[in-house]
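Below: one structure, written as C-alpha cells.
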Amino acid sequence: MNDLLNMAFWSLVMIFPAFVANSVPVLAKGKHPIDFGRNLWDGNRILGDGKTFEGLAAGLVAGTAVGAVAGHPLPSFLLALGALVGDMSGAFIKRRLGIARGRPAPILDQIDFVVGAIVFVYPVMPFSLEQAIFLVVVTPPIHLVANVGAYLLKLKPHPW
Ligand code: CTP
Ligand code: MG
Numbered sequence: 339m340n341d342l343l344n345m346a347f348w349s350l351v352m353i354f355p356a357f358v359a360n361s362v363p364v365l366a367k368g369k370h371p372i373d374f375g376r377n378l379w380d381g382n383r384i385l386g387d388g389k390t391f392e393g394l395a396a397g398l399v400a401g402t403a404v405g406a407v408a409g410h411p412l413p414s415f416l417l418a419l420g421a422l423v424g425d426m427s428g429a430f431i432k433r434r435l436g437i438a439r440g441r442p443a444p445i446l447d448q449i450d451f452v453v454g455a456i457v458f459v460y461p462v463m464p465f466s467l468e469q470a471i472f473l474v475v476v477t478p479p480i481h482l483v484a485n486v487g488a489y490l491l492k493l494k495p496h497p498w
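Take the sequence shown: its letter number 67 is residue 405 in our numbering, and every next letter is one higher.
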C-alpha cells in the first residue's frame, strides 16, 4: 500500500510540468494559429484556432519554469514540449475526424498531453510502465475537475 501511494505521489510530482504546460495556454488568449489558418486536403483545418503560437510559447515557458525552479530544467522542458505536441496531435486527429475546434473528444482530449509528455521525456527521465499506466488512468478525472473549475471561473467557454 505504501509502495503504491509512493508510486502515485511521485508520478504526479514528476508529470506536474506537463499539467502546467497544458493549462497555461488557455490564459494566453492567442490570436496566431500555428497552422496559419490553413486547411488540409480533407477541407478541415490542420489544427484549428485553438492551437496558437502564444499558447505554445506560454505553455513551454511556464512548464519549463516550474521544473527549473525544482532544479530539473531539461526534463521539465521536454515534459512541457511533449504535452503541447501531444495536445496538438490530439487536435490534428480531431480535425481529421471532422470534430470542430472546442467540441469534445472524450478520453483523447484528456490524455493526449500526458501521453506526449511521457514519450518526450523518456530519453532523460523514463516513467516506469506502472507509472505511465497510473498517469493515463488518473489524468481524465483530474482534467475534468480542473476544466469544470476553469469553466466556472469563465476561463474556458466549455467545461471540457
Ligand atoms: N491554446 C492555445 N494554444 C495552444 C493550446 C491551447 O492558444 N497551443 C488555448 C486556446 O485558446 C484553446 C484553449 O487554450 O481554446 C484550450 O485548449 P484545448 O481545450 O486543448 O483547445 P480546444 O479549444 O478545445 O480546441 P481543440 O478542439 O483543437 O482541442
Ligand atoms: Mg486539447
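We treat Cβ as the ideally placed atom computed from N, Cα and C, and that holds for glycine.
By a C-beta neighbour count over all protein chains shown, 10 Å radius and 16 as the cutoff for buried, is Pro413 buried or exposed? Stepping through the sequence shown from its first residue, residue 413 is reached at position 75. The residue is buried, with at least 16 neighbouring Cβ atoms inside 10 Å.
Quick one: residues in its chain with C-beta nearer than 6 Å to the C-beta of Val358, no 5 flanking neighbours on either side, listed in chain order? Counted from its first residue, the sequence shown places residue 358 at position 20. Here Val358 has Ala400, Gly401 and Val404 as same chain residues with Cβ atoms under 6 Å from its own Cβ, once five neighbours each way along the sequence are excluded.
What are the uninterrupted segments assigned as alpha helix (DSSP H) that are 4 or more residues long and contained completely in the region 368 to 417, given in chain order? 391 to 407
Closer than 7 Å to a non-hydrogen atom of the ligand CTP - does that hold for the CB of Val399? Within the sequence shown, the letter at position 61 stands for residue 399. No, Cβ of Val399 sits at least 7 Å from all heavy atoms of the ligand CTP.
Which term fits Ile456, buried or exposed, when burial requires 16 or more other beta carbons within 10 angstroms of its beta carbon? Residue numbering aside, residue 456 sits at position 118 when the sequence shown is read from its first letter. By the neighbour-count rule (16 or more Cβ atoms within 10 Å), Ile456 is buried.
Within the structure, which residues are defined as neighbours of the ligand MN by a Cβ-heavy atom distance below 5 Å, reported in chain order? Annotation note on the ligand MN: not contained in the displayed structure, which lists the ligand CTP and the ligand MG as its ligands.
Less than 8 Å between the beta carbons of Ile437 and Pro478, yes or no? As a position in the sequence shown, residue 437 is number 99, starting the count at 1. As a position in the sequence shown, residue 478 is number 140, starting the count at 1. Not closer than 8 Å, so no.
Assuming contact is defined by CB atoms lying nearer than 8 Å, are Ile353 and Met426 in contact in what I supplied? Within the sequence shown, residue 353 is the residue found at index 15, counting from 1. Within the sequence shown, residue 426 is the residue found at index 88, counting from 1. A distance of 8 Å or more separates the beta carbons of Ile353 and Met426.
Residues in its own chain within less than 6 Å of His370 by CB, not counting five upstream and five downstream? As a working note, residue 370 is residue 32 in the sequence shown. Closer than 6 Å at the Cβ level, and outside the excluded window around His370, lie Thr390 and Phe391.
For Phe384, count the other beta carbons within 10 Å of its own beta carbon; 16 or more makes it buried, fewer makes it exposed. Which is it? Within the sequence shown, residue 384 is the residue found at index 46, counting from 1. Residue 384 is actually Ile in this sequence, not Phe. It counts as buried.
Indicate the three-state DSSP secondary structure (helix, strand or coil) for Phe465 in the structure shown. In the sequence shown, residue 465 corresponds to position 127, counting from 1. Correct three-state label for Phe465: coil.
Would you check if the distance between the CB atom of Pro442 and the CB atom of Trp498 is smaller than 8 Å? Residue numbering aside, residue 442 sits at position 104 when the sequence shown is read from its first letter. Residue numbering aside, residue 498 sits at position 160 when the sequence shown is read from its first letter. Yes, these two residues count as a Cβ contact at 8 Å.
Trp498 - containing alpha helix (DSSP H), residue span: For this step, residue 498 is matched to residue 160 along the sequence shown. Run containing Trp498: none; DSSP gives neither H nor E here.
Note down the Cα distance separating Leu350 from Leu482, rounded to an integer number of angstroms. For this step, residue 350 is matched to residue 12 along the sequence shown. For this step, residue 482 is matched to residue 144 along the sequence shown. Approximately 16 Å, taken between the alpha carbons.
In angstroms, rounded to a whole number, what distance separates the CA positions of Pro355 and Asn377? By one-based count along the sequence shown, residue 355 stands at place 17. By one-based count along the sequence shown, residue 377 stands at place 39. So the alpha carbons of these two residues sit roughly 31 Å apart.
Would you report the Cα separation of Leu491 and Phe472, rounded to the nearest angstrom? Position 153 of the sequence shown, counting from 1, holds the residue named residue 491. Position 134 of the sequence shown, counting from 1, holds the residue named residue 472. Computed Cα separation, rounded: 29 Å.
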